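Residue numbers (my numbering): 6 to 709. C-beta: ideal position from N, C-alpha, C; glycine also. Just so we're clear, the structure is a prediction, and the values are computed from it rather than from any experiment. Contents: one structure, followed by commentary.
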């Protein structure tokens, strides 16, 4: 190559996956203070009430040094501090969930370097090149990347085969093969070529690469609230408004009660107690944890090496009941591999293997290389012996549907059955019935038959087999158990499709499918009320992926497929969908469980606090103080202490999620009501009484 510019190559620095550690906790603590900005607080109306309450009680505390604002100075100060802590704890729950994303984003940013790329003037190995920074590349540019160098930008391999280290993105240490053609041609900027070389056509602009999108997603910058999350927030706001109106009426109501009972020594309920009561009765628990649940759900999916483009897609995954899977590259490895040599009568398997290897030695396709490897493994045939021959290699062409080699007077060809039959008969040879039977047997088994001939004589058949990815059958069984029907979609003929479907263990299949067929099928299923998931990796899958409710694109697939999907599986495994479904269900279950707990909590706190708070005005309410709380002051302090600490106690559950079990929806709902509903009612009574006893002991009041 000729060089027209000089610059220095930079090296990649990978990152480690981030978990929750001391640095994340410290960062979350700092962010909790930053989030006290009113512009941030108002985004969560429930916690905004707590925030305003903290400000008002702080002002009342300052005023209490000069005027009687209702309540002792130290008491108002204590209420104010606990309300500020409640706000901080809510901020901390969201910040620690976001912190994990930021830590992962920092790790990904280390893979995004402005490297120097060899920009070729044409798609030829001996073409001139200039060295430019990766940020200067535009779609359509052609670059050459050698072993040890970083791929500068997302693109498609147009020439070459190489191992690529994608650990900076996927976390997997084993390199993957990327090659031109087929379903393994897509490469991601920031990954490193570890062997050989690749000629790549750039498909993304600077700042819009897949890695850039990943970083934006894990940082949460593009996260939008899901419909369920919005609906729940509307419910929480409605409940808060109801309690706000009720609480606002309590001050004049208590004043009126004292006026009509002039003999009573009671005082009106103070503004401090009303604010504290409002905070206790409002659904602050789920209000504080709601954002962290959604963020943590996306983080769990990221941990499973699936990048979700929206929280809505994760929620939808929890309700999916039909899964459509593209065959090539999704269920199967994507490249057919030679698995058997079938000689015709009068030929040995070694004779067929030698001829097949000669015809394939210059074949750069995955199928051609697999034939060479199979011949080498079976008969120890070495390519170096062939290199000594004066051979003329005949490349494959769509017109002849054959490829091969000429060695002196000998012509060896391999290709489709029809093409080889025409080739042999044109030279006066005979196409044996035995070969027809072998071809039919391979086709019936779901394989692809290639016939090999030397001059006018047929030698036999090569059995090319679609290799089903390891573990898919077991995972499809697991999907069946949770009520998800699996349907394989392929362009193959029905016979081949049936064989692959049986081996993979899918419930149904659609053969001879076109992009239009896939799209129409999804629309039909959606019209019938099904929630449809689709996995695919090819450009022809893009319309169906865009239509599906949950669209999981394989990372090894084309850029068009990844753009159309709302999730990208970095491991390119169709079996990953079961993990996506579990996380989706777990997200919904976690939100439902904590909502149940929060509402039950509020009901319990209502019955625990109201009797003792108004007992001085209405002595008859004393009989409802069955917990024998000390007085209004200790009861209110105990209630808001519990209200603040329960948020902290539930942060691990909101981040980790409720444990997922494969049970019917009705049974899971019953378990949630029993565990979190009853737990939400019982916990306040226990802990409010415990805190009240501790406070009474501190103040020298009777404990019981």
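**OP:** Take residue 546 as the anchor and find which of 480, 332 and 610 has the nearest alpha-carbon.
**Re:** 332
Subject >> Given 8 Å, three or more beta-carbon pairs between the stretch 274-291 and the stretch 46-60 >> reply: yes
**OP:** Pull up the distance between the alpha-carbon of residue 699 and that of residue 558, whole angstroms please.
**Re:** 57 Å
Original post:
Run through DSSP, which three-state label would residue 491 get?
Top reply: strand
Original post:
What's the C-alpha gap between residue 440 and residue 535?
Top reply: 46 Å
Original post:
Can you tell me the Cα-Cα spacing of residue 336 and residue 285, whole angstroms?
Top reply: 53 Å
Original post:
In the DSSP assignment, what residue or residues form a beta bridge with residue 559?
Top reply: 574
Original post:
Nearest CA to the CA of residue 153: which residue from 531, 200, 144 and 438?
Top reply: 200
Original post:
Excluding five sequence neighbours on each side, which residues of the same chain lie with their C-beta closer than 6 Å to the C-beta of residue 627?
Top reply: 620
Original post:
Any contact of the stretch 572-586 with the stretch 307-315, i.e. 3+ C-beta pairs under 8 Å?
Top reply: yes
Original post:
Among all the DSSP beta bridges, which residues are the ones paired with residue 514?
Top reply: 493
Original post:
When DSSP labels each residue in this structure, what does residue 307 get in the three-state scheme?
Top reply: helix
Original post:
Does the separation of the CB atoms of residue 396 and residue 366 fall below 9 Å?
Top reply: yes
Subject >> Span of the beta strand (DSSP E), counted from its first residue to its last, around residue 409 >> reply: 407-412
**OP:** Put residue 352 into one of helix, strand or coil per three-state DSSP.
**Re:** coil
Original post:
So, do the stretch 96-103 and the stretch 293-300 have three or more beta carbon pairs nearer to each other than 8 Å?
Top reply: yes
Original post:
Can we say the stretch 626-646 touches the stretch 671-687, given the rule of at least three CB pairs closer than 8 Å?
Top reply: no
Original post:
Tell me which same chain residues have a C-beta within less than 7 Å of the C-beta of residue 424, skipping the five on either side of it?
Top reply: 405, 406 and 407
Original post:
For the candidate residues 72, 94 and 417, whose alpha-carbon lies nearest to that of residue 37?
Top reply: 94
**OP:** Return helix, strand or coil for residue 468, following the three-state DSSP convention.
**Re:** strand
Subject >> Chain-order list of residues whose beta-carbon lies under 7 Å from that of residue 5 (same chain, five-residue window excluded) >> reply: Residue 5 is absent from the structure shown; the chain starts at 6 and stops at 709.
Original post:
Under a Cβ-count criterion, where at least 16 other Cβ atoms within 10 Å of its own Cβ denotes burial, should residue 97 be classed as buried or exposed?
Top reply: buried
**OP:** Can you grab the Cα-Cα spacing for the pair residue 488 / residue 326, in whole Å?
**Re:** 6 Å
Original post:
Measuring CB to CB, does residue 148 end up less than 9 Å from residue 164?
Top reply: no
Subject >> In DSSP terms, what residue 160 is bridged to >> reply: 192 and 207
**OP:** Quick one: using the 10 Å Cβ neighbour count with 16 as the cut-off for buried, is residue 693 buried or exposed?
**Re:** buried
Original post:
Buried or exposed: where does residue 500 fall if 16 or more other Cβ atoms within 10 Å of its Cβ makes it buried?
Top reply: exposed
Original post:
With respect to the beta strand (DSSP E) encompassing residue 419, which residues constitute its N-terminal and C-terminal limits?
Top reply: 415-420
**OP:** Quickly, what does DSSP pair residue 398 with across the bridge? List them, please.
**Re:** 410
**OP:** Take the Cβ of residue 701 as the centre, count every other Cβ of all protein chains shown within 10 Å, and call the residue buried at 16 or more, exposed below.
**Re:** buried
Subject >> Where residue 151 falls: helix, strand or coil (DSSP) >> reply: strand
Subject >> Cβ pair residue 92, residue 121 closer than 9 Å >> reply: no
Subject >> Expected contact under 8 Å - CB spacing of residue 572 and residue 329 to nearest Å >> reply: About 14 Å; that fails the 8 Å criterion.
Subject >> Through-space distance from residue 456 to residue 438, alpha-carbon basis >> reply: 13 Å
**OP:** Report the rounded CA-to-CA distance for residue 686 versus residue 612, giving the unit in angstroms.
**Re:** 10 Å
Original post:
Candidates 126, 376 and 196: which alpha carbon is nearest residue 151's?
Top reply: 196
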